[in-house]
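> Below you'll find the structure I mean.
Numbering (the UniProt record's numbering), first residue to last: 1 to 288.
Structure (structure tokens):
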């Protein structure tokens with residue numbers, strides 16, 4: 001069992017930290033809204049800290065899951081940031097979906113501070129976090145990763161080192177590229193089936209067993225047909241992620257025409273008031 005801290009108790013971090021405590025780890029939490037941290041302690045035990053630096057002091061591993069690059073810098077660097085409290089030889093594990101650049105930047109800062117850094121974005125959404133079955137894509141040094149992998153297993157069913165710092169974030173970008181295309185294709189398929197007069201649920205039952213089958217089809221096809229879009233990962237968050245993807249593509253020269261198009265389709269969903277709808281709401285713009 002390890003002494004750990006968890007920084008950021010949003011829809012992902014709250015249950016992830018809970019799984020760590022349930023597995024027997026000694027957990028300290030920090031959240032910008034202290035009421036959320038106090039609620040977590042009341043539910044799970046452990047203790048809350050007043051600052052990220054306080055949370056990090058004395059810990060073997062410090063986890064974070066916040067919103068974006070700026071949020072990540074705000075909880076890591078500076079006088080009250082976690083890096084100011086990190087112990088020599090400890091490891092900082094970042095589960096934020098952020099840029100590869102900030103991962104490399106923080107990995108260098110960690111090296112100067114005498115502790116390890118692993119960028120470890122996750123896939124699986126709110127349900128995956130709550131059920132402890134996330135997929136975790138990691139970047140960092142092999143020896144550092146080996147130390148944290150057994151602890152990450154508290155809330156993950158798949159965890160893999162993808163390469164040096166930034167590789168976890170780059171892998172998460174690929175994940176979001178693939179999801180964007182899949183959800184758009186599924187949206188068009190369901191929309192077409194409706195217009196063609198097919199029984200949509202029967203259609204999905206049949207084609208999901210063939211080459212068109214996917215997690216998105218199995219888990220979102222029926223609810224898309226029912227115009228239900230309250231299943232966690234919000235359009236605003238997807239647009240943030242796709243912005244990171246497209247920025248990276250401009251740097252590395254990758255051609256992502258479908259991803260860029262779907263990003264604009266999500267912008268249309270936002271204009272419809274769907275900022276907090278889940279990503280399957282792409283179908284709404286076809287049927288508006």
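Here a beta-carbon is modelled for each residue, glycine too, at the ideal position from N, C-alpha and C. Here the structure is a predicted model, which means the values were calculated and not measured.
Buried or exposed, going by whether 16 or more other CB atoms sit within 10 Å of the CB of residue 227?
Within the chain shown, residue 227 is the residue found at index 227, counting from 1. That one is exposed.
> Any idea what DSSP makes of residue 83, helix, strand or coil?
Taking the chain shown and counting its residues from 1, the one referred to as residue 83 is at position 83. Of the three classes helix, strand and coil, the one that applies to residue 83 here is helix, per DSSP.
> Around the C-beta of residue 34, are 16 or more other C-beta atoms found within 10 angstroms, so that it is buried, or is it exposed?
In the chain shown, residue 34 corresponds to position 34, counting from 1. Classification of residue 34: exposed, given that the 10 Å Cβ count is below 16.
> List the DSSP bridge partners of residue 137.
Your numbering for residue 137 matches position 137 in the chain shown. Its beta-bridge partners are 160.
> Please classify residue 94 as buried or exposed, where buried requires at least 16 other C-beta atoms within 10 Å of its C-beta.
Counted from its first residue, the chain shown places residue 94 at position 94. Its Cβ being crowded by 16 or more others within 10 Å, residue 94 is buried.
> Go through its chain and collect everything with a Cβ distance to residue 88's Cβ below 7 Å, but skip five positions before and after it.
By 1-based counting over the chain shown, the position of residue 88 is 88. Same-chain partners within the cutoff: 114, 115.
> Flag this pair as yes or no: are the beta carbons of residue 5 and residue 62 separated by less than 8 Å?
Translated into the one-based positions of the chain shown, residue 5 becomes position 5. Translated into the one-based positions of the chain shown, residue 62 becomes position 62. Their beta carbons are under 8 Å apart, which means residue 5 touches residue 62 by this criterion.
> Does the Cβ of residue 178 have 16 or more other Cβ atoms within 10 Å, making it buried, or fewer, making it exposed?
Residue 178 sits at position 178 when you count from the first residue of the chain shown. By the neighbour-count rule (16 or more Cβ atoms within 10 Å), residue 178 is not buried but exposed.
> Could you check if residue 137 is buried or exposed, using at least 16 other CB atoms within 10 Å of its CB as the buried criterion?
In the chain shown, residue 137 corresponds to position 137, counting from 1. Answer is buried; the Cβ neighbour count reaches 16.
> Provide the residue(s) that pair with residue 234 in DSSP beta bridges, ordered along the chain.
Walking along the chain shown from the start, residue 234 turns up at place 234. In the DSSP output, where bridge partners are listed per residue, residue 234 has 278.
> Quick test of your reading: residue 64 and residue 82, contact by CB under 8 Å. State the CB separation rounded to the nearest angstrom.
Within the chain shown, residue 64 is the residue found at index 64, counting from 1. Within the chain shown, residue 82 is the residue found at index 82, counting from 1. That belief holds up - the Cβ atoms of residue 64 and residue 82 are roughly 7 Å apart, short of 8 Å.
> Where do the ends of the alpha helix (DSSP H) carrying residue 265 lie?
For the purposes of this step, residue 265 is taken as residue 265 along the chain shown, with counting starting at 1. From DSSP, the alpha helix (DSSP H) with residue 265 extends over 257 to 271.
> Flag residue 229 as yes when its Cβ comes closer than 7 Å to any non-hydrogen atom of the ligand SAH, and as no otherwise.
With respect to the ligand SAH, the structure offers nothing, as it holds no ligand at all.
> Check residue 123 in the structure and name its three-state DSSP category.
Residue numbering aside, residue 123 sits at position 123 when the chain shown is read from its first letter. If DSSP states are grouped into helix, strand and coil, residue 123 belongs with the strands.
> Note down the Cα distance separating residue 182 from residue 68, rounded to an integer number of angstroms.
Position 182 of the chain shown, counting from 1, holds the residue named residue 182. Position 68 of the chain shown, counting from 1, holds the residue named residue 68. Distance between the alpha carbons of residue 182 and residue 68: 24 Å.
> Going straight from the alpha carbon of residue 230 to that of residue 112, what length do you get?
Locating residue 230 in the chain shown gives position 230, where the first residue counts as 1. Locating residue 112 in the chain shown gives position 112, where the first residue counts as 1. C-alpha separation (whole angstroms): 43 Å.
> Should the stretch 245 to 256 be regarded as contacting the stretch 142 to 153, the criterion being three or more beta carbon pairs within less than 8 Å?
Contact between the stretch 245 to 256 and the stretch 142 to 153 is absent, because fewer than three Cβ pairs lie under 8 Å.
> Which residue's Cα is closest to the Cα of residue 133: 12, 209, 287, 169?
Reading the chain shown from its first residue, position 133 is the one you call residue 133. Considering only alpha carbons, the answer is 12.
> Hey, quick one: how far does the beta strand (DSSP E) through residue 63 stretch, first residue to last?
Counting from 1 along the chain shown, the entry for residue 63 is found at position 63. Unbroken beta strand (DSSP E) run through residue 63: 61 to 64.
> Could you check which residue in 260, 36, 286, 180 has the C-alpha nearest to that of residue 15?
Position 15 of the chain shown, counted from the first residue, corresponds to residue 15. The residue with the shortest Cα to Cα distance from residue 15 is 36.
> Are the Cβ atoms of residue 235 and residue 190 separated by less than 8 Å?
Position 235 of the chain shown, counted from the start, is the residue given in the question as residue 235. Position 190 of the chain shown, counted from the start, is the residue given in the question as residue 190. No; because the gap between Cβ atoms is not below 8 Å, this pair is not in contact.
> Please give the ranges of any beta strand (DSSP E) in the stretch 10 to 41, keeping only runs that are unbroken, at least 3 residues long and fully inside the region.
Listed in chain order, the complete beta strand (DSSP E) runs (minimum 3 residues) inside the stretch 10 to 41 are 26 to 30.
> Residue 117 and residue 129 - do their beta-carbons sit closer together than 8 Å?
Numbered from its first residue, the chain shown carries residue 129 at position 129. Numbered from its first residue, the chain shown carries residue 117 at position 117. Not closer than 8 Å, so no.
> What distance in whole Å lies between the Cβ atoms of residue 60 and residue 109, which are believed to be in contact at a cut-off of 8 Å?
Here residue 109 refers to the residue found at position 109 when the chain shown is read from its first residue. Here residue 60 refers to the residue found at position 60 when the chain shown is read from its first residue. Not confirmed; about 19 Å, so no contact.
> Compute the Euclidean distance between the alpha carbons of residue 170 and residue 159, then round it to the nearest angstrom.
The count along the chain shown starts at 1 and reaches residue 170 at position 170. The count along the chain shown starts at 1 and reaches residue 159 at position 159. Their Cα atoms are separated by approximately 15 Å.
> Would you kindly report the start and end of the unbroken alpha helix (DSSP H) that includes residue 194?
Reading the chain shown from its first residue, position 194 is the one you call residue 194. Start and end: 167 to 196.
> Checking 8 Å against the spacing of the C-beta atoms, do residue 7 and residue 75 come in under that value?
Working through the chain shown from its first residue, we reach residue 7 at position 7. Working through the chain shown from its first residue, we reach residue 75 at position 75. Going by C-beta atoms, residue 7 is nearer than 8 Å to residue 75.
> Roughly how many angstroms lie between the CA atoms of residue 39 and residue 32, to the nearest whole one?
Mapped onto the chain shown, residue 39 falls at position 39. Mapped onto the chain shown, residue 32 falls at position 32. Looking at the two C-alpha atoms, the distance is approximately 13 Å.
> Just curious, the beta strand (DSSP E) that residue 94 is in, first and last residue?
Translated into positions along the chain shown, residue 94 becomes position 94. Residues 91 to 94.
> So residue 50 and residue 28 are supposed to be a Cβ contact under 8 Å. How far apart are they, rounded?
Your numbering for residue 50 matches position 50 in the chain shown. Your numbering for residue 28 matches position 28 in the chain shown. About 11 Å separates the two Cβ atoms, so there is no contact after all.
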